[in-house]
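Protein chains in written order, with the numbering used here: chain U, 59 to 291; chain X, 59 to 291; chain A, 59 to 291; chain B, 59 to 291; chain S, 59 to 291; chain G, 59 to 291. Ideal Cβ positions, reconstructed from N, Cα and C, are used throughout, including at glycine. Below you'll find the structure, written out as structure tokens, and then a few comments.
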């Protein structure tokens, strides 16, 4: 460790980040969060309080991250400049806060920079306008409460957002089922695994629709009996 | 008590249950949860955290019950075999869990068996697909988080689901207002009482719409005065 | 203080209240909650658990207030008589309760009296009917659980509703972003301030849409540097 | 079913109940809640929001049950008369409520009747006095908020309390770890099973204290390897 | 209304406030929160999430109020100067926040100014030191998370704290059961009413301890029967 | 990236980890969590729901980490073998769970291995015994609910615990104010910074105790005036 390495990562904007492979991210965009989460081995999911602001919202992009103070959205203006087309902004706060950090003006700016959406473990507002714009936002809360611009946070540092660890450049996929983080280095493998998993599901769906039981399809009767399951009348 | 009666009801599947009368359940299906709950004497309602996964979801059926472990949906495959047309699966977990126990594959299987829907005091996923299928689900959470298949629970034992006691075979009705449980033996009387109550409401609605006050319609002025209500300017 | 002034404000209905200026309230109705809240200096917002029962619900009116006991909606019938066209009922409970205090019959009565909607820090039911009526309701919960009519509360006394202080006659505006209270005496100034604020936003939106950054539009680069923000690669 | 069986169980006081065997309950009183819960097969535990009002509180008795309305403690006076020495009052509310249903006067009365304590899924008050009396209370909340006496509930009907099903007469044990319900018919077997379990623990404790690993004591190495556990450096 | 009256009350320190009568506050200090709350007619109680940081904490004083921003405790330094001996600081935040706004240094300063304690609807830290100092604090949370000093709030304006409305100068009493606010003008009458209530309780306690039932002491048997209560065997 | 790097980190036990410098950790043990958190630049704090199971509990050690499934504590037996004297076990679950993962037997085993305590974002039980042992535990909940041993997690992989990122080997300090994580590489600098901060506090405390105001001690009057603070009478 260099003695000059900052112990405190607040007050920093990292400009150059390694983004997940573009083609891999585009491939990930074809799959649902549940499928990708399974394909990843059930790692990287945010907590279930993260909800879309409108039904059917969906986003996939490379993370530019931002860490903010409670009640202070100053860094959302700073992060805007770091957005490249295809990025998704992932925002966390240093302690729990439901204030409305983000509204239609910032959404206009983010969209102009090519952002794919916003994932924020805090509140947002102007949801009617955001919905009309079809700008996908996943948040913890909806609140008209505004924020100040007074204290520094950081941009493009590793963050914990809604219980998930996010590195700048990671692929992040969000839909009605939640938000999942795919480390940049695994984007291609996760996309391939999701594809394989989905291919496999079509056949299962057909069989189940025809009345075949999961008990038989997945050969569960024997392990259930071994575990001691008793049928009684 | 027979000394061999199991103290522990985990690991059991009861195959033969007494279902509420079919005609009574069909009659109950015509009424809203609030009406039935009132007609029942305000008994049997689940807690208000049970919400439909899409607006307008609605279900009514006879309960097949399932008790599961946190993070483990193995018994949902076991319960599928016990579903008969007209049944509604009612699922509880031995401790609070928001994991996604149920998705589009299980829904396909349940639907193929004739299930009317699912009431689950836990999380579900694939909500976009479930909505497209119009398979009604009432749950505590939405989460992409998958579950394992490792530990036994039970099927068709009495359970507590979201604060309500449910016996297999009970009639269960769910809509935008919540979920109510009608003991099988009272299904007909509850349906009749709901019908009487609803008949009574049409007249009240007309009077209230014409400007008559509830104070007068329900003759509340005297009891309010007796209770000590004071009007001041 | 007169020794006869009641220490306890329960059991009182105040009939004559000073309502916010009608034209000012009509002007306020043109603006969103977030805009008005900002224009007010970020004062008067209810907590973010207050949500519309259907997407797009929106209401603006002068408050008639009602304070109730847990599980008891008797005073909603009392308040109905005090509603004048243009009023919005604002209801609080003396302790946290999610019971369904309000349904389609009361909505019919309130609408017949000219009410603009209901803001209630408790639960409501019959949401399908309320939605069909387009009667805007903002509440903490949805619950089929009925309430009794046994204990007095008060009408048109000052109340705390969802963390905000409300005097009868205040202007209250509610939309997808939340609920804000404007003291009657400030209704005109708040409406004017909201108008000025909104006029100002159009120009900002155009610039942000063209790619201008908030960093430059709001001249944030210098204060950020002064605060110590560091850019690294 | 008799057509006269009440569908609604509100407004009833059952005087004669079958209490769990006295000797069995006394034996249960020797064991902790965690031990009994394990011995029962992990059934019958209340939710973890039930906490003692003072550290070290502990109670064991036969349940007299009471169901109340939100904000209304009338039935606590009714239940007092049904208490016999060795009973424990178990109280539930028809919807979530944190009001202070119980204080030092009721505790004085319950204690005079021979009650072993109170388990209540609501709030209590006068905790300083209750602590001084060493009257064990397990509750969801502490609140000075008083309640009214206006609406009927029931005494000695089956209830759901904090997620657990309780029949009058069941053995209920509460300590720092939570509250567990043992059906009356299983009291003796549960006590015996708890005794066996505890006997078994002393030896394990000695081995673990000497440095033996649970991995070896419980022979977990092979099943872990089979499950796929990998050790890396 | 004067056109210059500020619509926004942020950024203001009111130096001269009317404090509740000193003797009345001293008399109130002799009674518990539950007793005073009852004596007041069940008005003015804060929500039950307000808890003492150590068992047995107790405080009574005249409120100096402070309104702060999330994550920002600047105004606690401003309020310190306004404290007079016998005051109690009552602090609210403009949106929910659990950060540690207050610790041992501020407590040292407050104590030096003669403060009786702190009631804060947010978090505090250094609880070991605060406990050692026996400086009574009632808060929503305990958190080591520090706060910034960047944005103005107000001192000695009316606030809503934990759901209760507080005017500067009001009497505030806090103990294990919660926190109650007595408007300054009613301090004497509330103290007298509390005294009367408590006098009355001693006799009741004796009777209940001797085995007299509340049913008889409060003459409840007749109203219960009228309400329809049925005794069954 | 090596194509063989595991995408999924479940099912792994890392045996060799780099622990924070022993002397640095010992020095950190002298300071409170609030002080260290400040000294670190307000980074690394767990959420405030993490509470000690007994007042005054305190622990400091090097993290051995464990990731588990909901309702499954198998890996706590696996982690025991990896504990070295001076370590603190830090445990997270893949989704929210309050089950009792840990009790007196595991505590006996951990203590025999030299563990300094346990930090777990889940529930624990046997709190009376743990308190008697003075084995410091910081948890989200207390619950008698047992767990199964059926599904793999991991040991000594990076985890997110209660919102904080923890690498195996990091220094973790826990006391009444919460739990803070110090990256291993910064342990010495954090200890030094904490020492400097604390040295600085003694002088401040003396001044504040003598009645000097923070307004003057911290020279806040000018910045407050600049920010627009107004004093009125």
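Looking only at C-alpha atoms, which of the options sits nearest to residue i?
| i | options | result |
| --- | --- | --- |
| residue 110 of chain B | B/282, B/231, B/289 and B/267 | B/231 |
| residue 171 of chain B | B/178, B/143, B/159 and B/163 | B/143 |
| residue 183 of chain U | A/76, A/251, A/82 and A/90 | A/90 |
| residue 121 of chain A | A/251, A/239 and A/290 | A/239 |
| residue 213 of chain U | U/185, U/155, U/233 and U/133 | U/133 |
| residue 226 of chain S | S/216, S/158 and S/220 | S/216 |
| residue 178 of chain G | G/218, G/82 and G/248 | G/218 |
| residue 94 of chain A | A/254, A/157 and A/286 | A/254 |
| residue 187 of chain B | S/233, S/96 and S/66 | S/233 |
| residue 72 of chain S | S/185, S/211, S/106 and S/128 | S/211 |
If I follow the unbroken beta strand (DSSP E) through residue i, where does it start and stop?
| i | result |
| --- | --- |
| residue 125 of chain U | 117–126 |
| residue 137 of chain S | Note, residue 137 of chain S: premise wrong, no beta strand (DSSP E); alpha helix (DSSP H) at 132–138. |
| residue 288 of chain X | 288–290 |
| residue 308 of chain U | Outside the modelled stretch of chain U, which goes from 59 to 291, sits residue 308 of chain U, for which no answer is possible. |
| residue 70 of chain X | 70–72 |
With 16 as the cutoff for other CB atoms within 10 Å, does residue i come out buried or exposed?
| i | result |
| --- | --- |
| residue 100 of chain S | buried |
| residue 119 of chain S | buried |
| residue 276 of chain G | exposed |
| residue 261 of chain U | exposed |
| residue 74 of chain A | exposed |
| residue 244 of chain S | buried |
| residue 280 of chain S | exposed |
| residue 284 of chain X | exposed |
| residue 80 of chain U | exposed |
| residue 136 of chain X | buried |
| residue 258 of chain G | exposed |
| residue 124 of chain U | buried |
| residue 288 of chain B | exposed |
| residue 291 of chain G | exposed |
| residue 282 of chain X | buried |
| residue 272 of chain U | buried |
| residue 189 of chain U | buried |
| residue 60 of chain G | The pLDDT assigned to residue 60 of chain G is 44, lower than 50, so where the model puts this residue is not dependable; a value taken from the coordinates is nonetheless given after this. Exposed is the call here. |
Is any heavy atom of the ligand FAD found at a distance shorter than 7 Å from the C-beta of residue i?
| i | result |
| --- | --- |
| residue 109 of chain G | In the structure shown, the ligand FAD is absent, as is every other ligand, since no ligand is present at all. |
Where does the unbroken alpha helix (DSSP H) through residue i begin, and where does it stop?
| i | result |
| --- | --- |
| residue 274 of chain X | 272–275 |
| residue 94 of chain A | 91–97 |
| residue 81 of chain U | 80–86 |
| residue 285 of chain A | 279–285 |
Whole alpha helix (DSSP H) elements within the segment 159–247 of chain X, 4-residue minimum: Listed in chain order, they are 162–170 and 185–191.
contact_flag[the segment 145–159 of chain B, the segment 169–188 of chain B] where n(CB pairs < 8 Å) is 3 or more: yes
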